[in-house]
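Each remark here refers to the structure printed beneath this line.
Numbering (the UniProt record's numbering), first residue to last: 1 to 187.
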(Lines of atoms letter the chains of each structure in order from A and count residues from 1; the text may use other names and numbers.)
(Lines give C-alpha, C1' and ligand atoms only; values in the text may rest on other atoms or scores of the structure.)
Protein backbone atom coordinates (compact mmCIF):
# COMPACT_ATOMS: atom_id res chain seq x y z
CA UNK A 1 0.00 0.00 0.00
CA UNK A 2 1.45 3.37 -1.00
CA UNK A 3 1.28 6.59 1.07
CA UNK A 4 -1.81 8.00 -0.69
CA UNK A 5 -3.74 4.76 -0.18
CA UNK A 6 -2.65 4.62 3.47
CA UNK A 7 -3.75 8.22 4.10
CA UNK A 8 -7.17 7.50 2.51
CA UNK A 9 -7.45 4.50 4.79
CA UNK A 10 -6.60 6.67 7.81
CA UNK A 11 -9.39 9.10 6.85
CA UNK A 12 -11.83 6.18 6.47
CA UNK A 13 -10.84 4.69 9.85
CA UNK A 14 -11.15 8.02 11.66
CA UNK A 15 -14.42 8.90 9.92
CA UNK A 16 -16.07 5.63 10.86
CA UNK A 17 -14.88 5.69 14.49
CA UNK A 18 -17.10 7.17 17.18
CA UNK A 19 -14.14 7.59 19.57
CA UNK A 20 -10.50 8.65 19.26
CA UNK A 21 -8.18 6.18 17.52
CA UNK A 22 -4.70 5.80 19.00
CA UNK A 23 -1.71 6.29 16.71
CA UNK A 24 -0.40 2.89 17.84
CA UNK A 25 -3.68 1.25 16.77
CA UNK A 26 -3.51 2.95 13.35
CA UNK A 27 0.12 1.87 12.95
CA UNK A 28 -0.72 -1.73 13.81
CA UNK A 29 -3.76 -1.85 11.50
CA UNK A 30 -1.82 -0.33 8.59
CA UNK A 31 1.39 -2.27 9.32
CA UNK A 32 3.63 0.79 9.61
CA UNK A 33 5.46 2.53 12.44
CA UNK A 34 3.78 5.07 14.68
CA UNK A 35 6.15 7.70 13.25
CA UNK A 36 4.77 7.05 9.74
CA UNK A 37 1.26 7.63 11.13
CA UNK A 38 2.39 10.93 12.70
CA UNK A 39 3.83 12.02 9.33
CA UNK A 40 0.66 10.94 7.49
CA UNK A 41 -1.52 12.88 9.94
CA UNK A 42 0.65 15.98 9.37
CA UNK A 43 0.25 15.62 5.58
CA UNK A 44 -3.50 15.13 5.88
CA UNK A 45 -3.80 18.24 8.06
CA UNK A 46 -1.69 20.23 5.60
CA UNK A 47 -4.18 19.23 2.89
CA UNK A 48 -7.14 20.49 4.91
CA UNK A 49 -8.31 17.45 6.89
CA UNK A 50 -9.76 18.49 10.27
CA UNK A 51 -7.91 15.91 12.37
CA UNK A 52 -7.47 16.62 16.08
CA UNK A 53 -5.10 15.01 18.57
CA UNK A 54 -6.41 14.05 21.97
CA UNK A 55 -4.78 12.23 24.86
CA UNK A 56 -6.62 9.08 23.68
CA UNK A 57 -5.84 9.33 19.96
CA UNK A 58 -6.91 11.07 16.76
CA UNK A 59 -10.38 12.39 15.88
CA UNK A 60 -11.67 13.74 12.61
CA UNK A 61 -14.27 16.50 12.65
CA UNK A 62 -17.42 15.38 10.92
CA UNK A 63 -19.38 18.11 9.20
CA UNK A 64 -22.75 18.09 10.92
CA UNK A 65 -25.59 18.68 8.50
CA UNK A 66 -29.24 19.16 9.42
CA UNK A 67 -32.12 18.59 7.05
CA UNK A 68 -35.86 19.16 6.92
CA UNK A 69 -38.57 18.41 4.41
CA UNK A 70 -40.84 21.36 3.63
CA UNK A 71 -44.08 21.24 1.66
CA UNK A 72 -44.49 24.27 -0.56
CA UNK A 73 -46.80 25.62 -3.24
CA UNK A 74 -46.39 28.51 -5.65
CA UNK A 75 -46.82 29.58 -9.27
CA UNK A 76 -44.25 28.90 -12.00
CA UNK A 77 -43.11 32.52 -11.98
CA UNK A 78 -42.29 32.26 -8.24
CA UNK A 79 -39.76 29.40 -8.51
CA UNK A 80 -36.79 31.77 -8.55
CA UNK A 81 -38.04 33.62 -5.46
CA UNK A 82 -38.68 30.36 -3.59
CA UNK A 83 -35.27 28.84 -4.35
CA UNK A 84 -33.40 32.13 -3.81
CA UNK A 85 -35.09 32.56 -0.43
CA UNK A 86 -33.75 29.17 0.63
CA UNK A 87 -30.15 29.61 -0.58
CA UNK A 88 -29.93 33.24 0.58
CA UNK A 89 -30.80 32.10 4.11
CA UNK A 90 -28.02 29.48 4.06
CA UNK A 91 -29.95 26.46 2.82
CA UNK A 92 -29.07 23.80 0.27
CA UNK A 93 -31.99 22.48 -1.79
CA UNK A 94 -31.15 18.79 -2.00
CA UNK A 95 -34.16 17.61 -3.99
CA UNK A 96 -37.72 18.15 -5.09
CA UNK A 97 -40.46 15.57 -4.87
CA UNK A 98 -44.20 15.26 -5.19
CA UNK A 99 -46.65 12.88 -3.62
CA UNK A 100 -49.10 11.76 -6.27
CA UNK A 101 -52.20 9.85 -5.14
CA UNK A 102 -51.78 7.33 -7.98
CA UNK A 103 -48.03 7.19 -8.67
CA UNK A 104 -46.76 7.73 -5.14
CA UNK A 105 -43.55 9.69 -4.54
CA UNK A 106 -41.71 11.05 -7.58
CA UNK A 107 -38.33 12.56 -6.66
CA UNK A 108 -35.55 14.43 -8.49
CA UNK A 109 -32.17 15.60 -7.19
CA UNK A 110 -31.54 19.35 -7.41
CA UNK A 111 -28.33 20.15 -5.48
CA UNK A 112 -28.98 23.91 -5.47
CA UNK A 113 -26.64 25.81 -3.13
CA UNK A 114 -26.37 29.30 -4.65
CA UNK A 115 -28.15 31.89 -6.80
CA UNK A 116 -25.94 30.75 -9.69
CA UNK A 117 -27.34 27.23 -9.27
CA UNK A 118 -30.86 28.72 -9.22
CA UNK A 119 -30.21 30.59 -12.49
CA UNK A 120 -28.72 27.48 -14.14
CA UNK A 121 -31.69 25.36 -13.05
CA UNK A 122 -34.20 27.90 -14.37
CA UNK A 123 -32.31 28.14 -17.67
CA UNK A 124 -32.40 24.35 -18.07
CA UNK A 125 -36.15 24.35 -17.44
CA UNK A 126 -36.72 27.30 -19.79
CA UNK A 127 -34.70 25.86 -22.69
CA UNK A 128 -35.78 22.23 -22.26
CA UNK A 129 -38.96 20.45 -23.18
CA UNK A 130 -39.74 19.45 -19.60
CA UNK A 131 -41.97 21.26 -17.17
CA UNK A 132 -41.63 21.70 -13.42
CA UNK A 133 -42.35 18.58 -11.36
CA UNK A 134 -44.71 20.59 -9.12
CA UNK A 135 -47.15 20.90 -12.03
CA UNK A 136 -48.00 17.18 -11.73
CA UNK A 137 -49.69 17.97 -8.40
CA UNK A 138 -51.26 21.40 -8.95
CA UNK A 139 -48.17 23.23 -7.68
CA UNK A 140 -47.75 21.30 -4.42
CA UNK A 141 -44.30 19.82 -3.88
CA UNK A 142 -41.65 19.13 -1.24
CA UNK A 143 -38.00 20.05 -0.89
CA UNK A 144 -35.41 18.43 1.33
CA UNK A 145 -33.46 21.40 2.67
CA UNK A 146 -30.04 20.98 4.31
CA UNK A 147 -28.28 23.57 6.49
CA UNK A 148 -25.58 23.87 9.12
CA UNK A 149 -28.06 24.20 12.03
CA UNK A 150 -31.66 23.79 13.09
CA UNK A 151 -31.79 27.57 13.56
CA UNK A 152 -31.00 28.13 9.88
CA UNK A 153 -33.74 25.64 8.93
CA UNK A 154 -36.17 27.44 11.25
CA UNK A 155 -35.31 30.77 9.60
CA UNK A 156 -35.81 29.32 6.11
CA UNK A 157 -39.16 27.81 7.10
CA UNK A 158 -40.29 31.12 8.61
CA UNK A 159 -39.28 33.12 5.51
CA UNK A 160 -41.12 30.70 3.23
CA UNK A 161 -44.15 30.92 5.50
CA UNK A 162 -44.09 34.74 5.43
CA UNK A 163 -43.93 34.70 1.63
CA UNK A 164 -46.92 32.35 1.47
CA UNK A 165 -44.98 29.40 0.03
CA UNK A 166 -45.55 26.85 2.83
CA UNK A 167 -48.45 24.48 2.19
CA UNK A 168 -50.78 22.60 4.53
CA UNK A 169 -50.21 18.89 5.00
CA UNK A 170 -53.24 16.87 3.87
CA UNK A 171 -54.70 13.82 5.63
CA UNK A 172 -53.82 11.45 2.77
CA UNK A 173 -50.12 12.35 2.79
CA UNK A 174 -48.12 9.42 4.16
CA UNK A 175 -45.61 11.18 6.43
CA UNK A 176 -45.83 13.90 9.05
CA UNK A 177 -43.07 16.14 7.72
CA UNK A 178 -43.87 18.86 10.24
CA UNK A 179 -43.04 16.97 13.44
CA UNK A 180 -43.92 19.08 16.46
CA UNK A 181 -44.90 22.05 14.27
CA UNK A 182 -47.79 20.27 12.51
CA UNK A 183 -50.57 22.13 14.29
CA UNK A 184 -48.89 25.48 13.64
CA UNK A 185 -48.33 24.57 9.96
CA UNK A 186 -51.96 23.60 9.45
CA UNK A 187 -53.26 26.76 11.11
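Don't be surprised by glycine CBs; every beta carbon is placed ideally from N, CA and C.
Own chain residues within Cβ distance below 7 Å of residue 80, not counting five before or after: Sequence-distant Cβ neighbours of residue 80 in its own chain, meaning closer than 7 Å and more than five residues away, are 118 and 122.
Cβ separation of residue 21 and residue 14, assumed to be a contact under 8 Å, to the nearest whole Å: Residue 21 to residue 14, Cβ: 6 Å. Contact.
Three-state secondary structure (DSSP) of residue 121: Helix, per DSSP.
Distance, residue 86 Cα to residue 70 Cα: Residue 70 and residue 86: Cα-Cα distance of roughly 11 Å.
Buried or exposed (CB count within 10 angstroms, at least 16 for buried), residue 134: Residue 134 counts as buried, since no fewer than 16 other beta carbons sit within 10 angstroms of its beta carbon.
Residue 115 versus residue 2: straight-line alpha-carbon distance, rounded: Rounded to the nearest angstrom, the two C-alpha atoms are 42 Å apart.
Test item: CB-CB of residue 96 and residue 167 under 8 Å: It is not a contact, given that the beta carbons lie outside the stated cut-off.
Three-state secondary structure (DSSP) of residue 32: DSSP places residue 32 in coil when its eight states are reduced to three.
Distance CB(residue 145)-CB(residue 67) smaller than 8 Å: Taking 8 Å as the Cβ cut-off, residue 145 and residue 67 qualify as a contacting pair.
Buried versus exposed, by CB contacts within 10 Å (16 or more), residue 52: Counting Cβ neighbours within 10 Å, residue 52 comes out exposed, since fewer than 16 surround it.
Same chain, Cβ closer than 6 Å to residue 57, five either side skipped, listed in chain order: If you ignore the 5 residues before and after residue 57, its C-beta comes within less than 6 Å of the C-beta of 20, 21 and 22, all in its own chain and listed in chain order.
Residue range of the beta strand (DSSP E) that includes residue 137: No beta strand (DSSP E) holds residue 137; DSSP gives it neither H nor E.
The stretch 136-152 touching the stretch 99-109, judged by at least three CB pairs closer than 8 Å: At 8 Å Cβ cutoff, the stretches touch.
Three-state secondary structure (DSSP) of residue 129: The answer is coil: DSSP assigns residue 129 none of H, G, I, E or B.
Cβ-Cβ separation, residue 112 to residue 83 (assumed contact under 8 Å), whole Å: Indeed, because the Cβ distance is near 6 Å, the residues count as touching under 8 Å.
Closest by C-alpha distance to residue 90, when choosing among 163, 98, 150 and 78: It is 150.
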